[in-house]
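As you go down the protein sequences, you meet chains A and B in turn.
In this text, residue positions in the first sequence follow the numbering used here: the first is 40, and each later residue adds one.
In this text, residue positions in the second sequence follow the numbering used here: the first is 21, and each later residue adds one.
Backbone N, C-alpha and C fix where the C-beta goes; we use that ideal spot for every residue, glycine too.
It should be emphasised that the depicted structure is a prediction, and the values quoted were computed from it without experimental measurement.
In what follows, a single structure is set out as structure tokens and then discussed.
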Amino acid sequence: MLVIRPVELTDLPQLQRLAHDSLVGVTSLPDNAERLRERILDSCTSFDQDVRTHGPENYFFVLEDLATRHLAGCSEILATAGFDEPFYSLRNRHFTSASRELNIEHGVPALSLCHDLNGHTLLRGFHIDAALVRSPASELLSRARLMFIAAHARRFAEAVITEIVGYSDDQGHSPFWDALGKHFFDLPYAEAERLCGLESRAFLAELMPQYPIYVPMLPQSAQDCIGRIHPDGQDAFDILEREGFETNSYIDLFDGGPTLHARLADIRSIAHSQTGTVILSDTLDARGRYLVSNDALKGYRAIVADLDYRPGQPVALSAEMCTALNVSDGSPVRVIAL
Amino acid sequence: MIVRPAQITDLPALLALARQAGPVLTTLPASEERLAHRLRWTQRAFAGQIERADADYLFVLEDDDQQVLGISALTGAIGLREPWYNYRVGMTVSSSPDLGIQRHIPTLFLNNEMTGQSEICSLFLRPDQRQGSHGRLLSVGRLLFVAEFPHLFGEKLIAELRGRADEQGCSPFWDSLGRHFFKMDFNHAHHLSGLGSKSFIAELMPRQPLYTCLLTEQAQAVIGKAHPNTEPALKILTAEGFTHEGYIDIFDAGPVIEAPLSKIRSVRDSQALVLAIGTPDDQAPIWLIHNRRLENCRITAAPARLAGNDLVVDRLTAKRLQLQPGDSVRAVPLLRSQAQAVAA
């Protein structure tokens, strides 16, 4: 059985493997032992902390196969984007060119560097073994974060965003980067993303153009990348879109990938998940597949389970499920249909 | 051959010239109505009846048979009635010493910095007359006029030289930039510009600075480059002290060259002399001579000999200038090299 839980320091070797395998552009996962170690410790502190309002905390989760101890994926929630350093994105907006005398009026889209998304909660660092893409485990890895937010809402902002990895080709070339970022950095895309994982992202963003970039002036291949998702990012995108996330006018400043946005109240796993108490059951006449979490903080657990669940009734779980969730008869759990 | 103010009676001749020049001469559209308007206006300017902001001095080059062979113009001030836009080619540095990154990115800044300066424009000489000193008389004659009446002009003279274009008249700079904001081709925009809508068009342009690295390579390559056809004009003005200080046309990126009045050779070196009639010797250098009149302005180029404070010219030259011996003239050697010869 696969379970979601907070990361621990002993996960480091396996996390290094995950970081190494993760897609270029998933910049929050540095392929560097020291940085990963810091990231883990930072997460442990965050789970430990008594938080009144959302701050710099970062909650790092892993997807573990309980039988083999294999880590099959990881994901993170940064409580506040832009808390320690500005969170940069490009805003894609129309500038209107108008001349009454010439009877011309039309909008020209332009990309402007901005910090508009500062203050939102950020989902990031989503990575799962290739074999599990588009499986229930993938849903679990992504949405367990939303169920965690549902259980601990005061630790998070009113709205959640995430950046989906933008398009790059098999050789790791991003047409968007080549047309824009490269002029200002003189670095290949993959190298820029690598530096972002190691150094602070703002550090690089300070080299970015401060004046608007008029979209029609970019080569067509770069224009096509605006809001375009890397094929390997599609799964993460689809899961959150089904959750009620929507794209907006913000894109990633390196690869042009889309930003997804949702208010907590509009997120399906938050608004529609139900809480109930556990009832241990030997025989489950499963009627549907659910995500189940234990609503705990440091001991947070979430699994995928086939249940005979009826809203308002106790939640019947098998012994194996209870063990995975670290709950027993009468414990509160949160349930949402897969 | 003389340069004199254009008159309303020159209309048919100017219309023929404008048609010959074609659309490249945006400031001189081949429209009878517009040309007639401009001629009435220029007449009032030479009569001293117009404020500097509206003054438009249109000159013609005329031979002794009173045939109009070319035109040139001078404005009192640009940008005082409607905004005048240029790009200045500036620089943005993207630098991170820690990462070893240091990028220099030429950047275009939209500005109105030429406001209040005077422009020399609308130069066109009939192709069969592009010989001898005709072009120089037509172009530099204007500068001698400025030397005589500096109070009618700004601190600087500027000239917008036509930018590079392909055989079809398309500008790579326009295609990479302006086109996106107008959705019209360069010739159409250029045409509108000539009809006096230049500032309307400029108002459609983006206000924010533009990184040139985002333009096509072809567009980057023509920034500040003059069209080969303007080379002779550029050469003359460069010799007169005009320089390119990084300002360019917002449509085709052609260079805007400029010179403070005091640095222009024919302004600085011109002197008031007394006209004398005689026989300049065979080796006498060619002088550019102005009769110091505003309304009845006459400028010509002729061999002349400096004798003390006298400028000795032949009888025909005096006649062309409509002057008598003893009248005052403003004169300067036509070429810098001859100026040196005179000084020696």
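Interface flag, residue i vs chain B, CB-CB below 8 angstroms
i             : result
residue 122/A : no
residue 256/A : yes
residue 263/A : no
residue 228/A : no
residue 127/A : no
residue 152/A : no
residue 52/A  : no
residue 93/A  : no
residue 248/A : yes
residue 209/A : no
residue 215/A : no
Option in the options with minimal Cα separation from residue i
i             : options                    : result
residue 25/B  : 246/B, 319/B, 41/B         : 319/B
residue 231/B : 36/B, 41/B, 130/B          : 130/B
residue 103/A : 166/A, 94/A, 91/A          : 166/A
residue 272/B : 340/B, 185/B, 259/B, 327/B : 185/B
residue 77/B  : 257/B, 169/B, 357/B        : 169/B
residue 268/B : 95/B, 247/B, 48/B          : 247/B
residue 158/A : 118/A, 287/A, 73/A         : 118/A
residue 137/B : 345/B, 265/B, 281/B        : 281/B
residue 323/A : 296/A, 344/A, 313/A, 332/A : 344/A
residue 326/B : 133/B, 305/B, 57/B         : 305/B
residue 108/B : 357/B, 355/B, 291/B, 243/B : 243/B
residue 264/A : 215/A, 89/A, 182/A         : 215/A
residue 51/B  : 290/B, 34/B, 336/B, 261/B  : 34/B
residue 49/A  : 110/A, 92/A, 283/A         : 110/A
residue 36/B  : 171/B, 62/B, 88/B, 84/B    : 88/B
residue 111/B : 198/B, 266/B, 64/B         : 266/B
residue 139/B : 132/B, 155/B, 173/B        : 173/B
residue 73/A  : 88/A, 270/A, 189/A, 55/A   : 55/A
residue 355/B : 301/B, 161/B, 86/B         : 161/B
Cβ pair residue i, residue j closer than 8 angstroms
i             : j             : result
residue 126/A : residue 80/A  : no
residue 206/B : residue 226/B : no
residue 101/B : residue 73/B  : yes
residue 122/A : residue 94/A  : yes
residue 286/B : residue 167/B : yes
residue 100/A : residue 42/A  : no
residue 263/B : residue 251/B : no
residue 60/B  : residue 28/B  : yes
residue 353/A : residue 318/A : yes
residue 346/A : residue 325/A : yes
residue 96/B  : residue 135/B : no
residue 245/A : residue 293/A : no
Contacting residues, own chain, Cβ-Cβ under 7 angstroms from residue i (five flanking each side not counted)
i             : result
residue 336/A : 86, 191
residue 71/B  : none
residue 143/B : 92, 158, 159, 253
residue 310/A : 304
residue 274/A : 172, 173, 177
residue 58/A  : 68, 69, 70, 75
residue 377/A : 175, 178, 328, 329, 330, 343
residue 320/A : 355, 356, 357
Neighbourhood of residue i by C-beta distance below 6 angstroms, restricted to the same chain and skipping five residues each side
i             : result
residue 276/A : 203, 268
residue 196/B : 235, 236, 239
residue 40/A  : 105, 363
residue 39/B  : 50
Cutoff 8 angstroms: residue i Cβ touching any chain A Cβ
i             : result
residue 245/B : no
residue 192/B : no
residue 197/B : yes
residue 116/B : yes
residue 200/B : yes
residue 123/B : yes
residue 240/B : no
residue 228/B : yes
residue 102/B : no
Neighbourhood of residue i by C-beta distance below 8 angstroms, restricted to the same chain and skipping five residues each side
i             : result
residue 68/B  : 314, 315
residue 284/A : 199, 201, 299, 300, 301, 306
residue 154/B : 21, 81, 89, 90, 145
Contact test: residue i Cβ vs the ligand GDP heavy atom, cutoff 7 angstroms
i             : result
residue 127/B : You won't find the ligand GDP in this model; it holds no ligand whatsoever.
>> Any contact between the segment 159-175 of chain A and the segment 134-141 of chain A? By contact I mean 3 or more CB pairs, one from each, below 8 angstroms.
In response: no
> Does the pairing of the segment 325-333 of chain B with the segment 297-309 of chain B give three or more beta-carbon distances under 8 angstroms?
Replying inline: yes
> Are at least three pairs of beta-carbons, each pair with one atom in the segment 302-312 of chain B and one in the segment 344-356 of chain B, less than 8 angstroms apart?
Replying inline: Touching, yes.
>> Under 8 angstroms, with one C-beta from each stretch per pair, do the segment 106-126 of chain B and the segment 219-228 of chain A reach the 3-pair mark?
In response: yes
> Okay, do the segment 114-132 of chain A and the segment 149-164 of chain A touch, 3+ Cβ pairs below 8 angstroms being the bar?
Replying inline: Yes, they touch.
> So, do the segment 137-157 of chain B and the segment 112-120 of chain B have three or more beta carbon pairs nearer to each other than 8 angstroms?
Replying inline: no
> Got a sec: which bits of the segment 101-112 of chain A sit with their beta carbon under 9 angstroms from any beta carbon on chain D, in order along the chain?
Replying inline: The chain inventory of the structure shown lacks chain D, comprising the protein chains A and B.
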